[in-house]
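As structure tokens, the structure follows; a few thoughts come after it.
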Amino acid sequence: MYVPFENLPEESRIWIYQSNRKFSDAEFSEIETALQSFLEGWAAHGTSLESSYQLKYNRFIIIAVNQDVQAATGCSIDSSVEFIQSLEQKYTVDLLDKMNVTFKLGEHIAHKPLIDFKKMVKDKAVTENTIVFNNLVNNIEEYNESWEVPAIDSWHSRFF
């Protein structure tokens, strides 16, 4: 069951999927419609999941579920991954590769393989103060506080 994102409690679990390219506005509009449809029917063991999403920077898909109402289970998580894989195929993008880093270069959102990001650190093209997207956050509270942070304040700090 879809609910507005702001109505979910801060403890709600989230999953963040980053695209290896920017989506067009038209693509993001289609994705939004597909997400709402998917979430309306998303269930765990026959019980609707109180869930929502956010789309950010024409690049990120954030899915959230209120686990106080009904916890996402293996099968329901599998169905959400299948949904994301269907988006990958439809739009010829990569949303599941965790070995990529997305970060801000001024107002631009950059996306690089981890090995290239490490090289940029070595070359001082990015610094400890570069804003990175920490997609390892687990809930809405962490998302709000620690998703867009200086690299030194995230898992990326090990490269400096």
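According to our numbering, the residues represented by the sequence shown are 4 to 163, in order. Even glycine gets a Cβ: it sits at the ideal position worked out from N, Cα and C.
Counting C-beta neighbours from all protein chains within 10 Å, is the total for residue i 16 or more, i.e. buried, or is it exposed?
| i | result |
| --- | --- |
| Ala67 | buried |
| Trp150 | buried |
| Phe163 | exposed |
| Arg62 | buried |
Going by the DSSP bridge assignment, what does residue i pair with across the sheet?
| i | result |
| --- | --- |
| Ala154 | Its beta-bridge partners do not exist; DSSP assigns none. |
| Leu108 | His111 |
| Asn141 | Beta-bridge pairing links Asn141 to no other residue. |
| Val135 | Phe106 and Val152 |
| Thr50 | Ala47 |
| Ser55 | Ala67 |
Less than 6 Å between C-beta atoms, sequence neighbours within five positions excluded: which residues of the same chain meet that for residue i?
| i | result |
| --- | --- |
| Glu91 | Leu98 |
Would DSSP call residue i helix, strand or coil?
| i | result |
| --- | --- |
| Asn69 | coil |
| Glu15 | Residue 15 is actually Ser in this sequence, not Glu. Coil at Ser15, not helix or strand. |
| Leu99 | coil |
Could you pull out every residue in the same chain whose Cβ sits closer than 7 Å to the Cβ of residue i, ignoring the five residues on either side in sequence?
| i | result |
| --- | --- |
| Asp119 | none |
Specify, as a first and last residue, the run of the alpha helix (DSSP H) that residue i falls within.
| i | result |
| --- | --- |
| Ser32 | Asp28 to Gly44 |
Who are the Cβ neighbours of residue i in its own chain at under 8 Å, not counting the five residues just before and after it?
| i | result |
| --- | --- |
| Asp100 | Asn23 |
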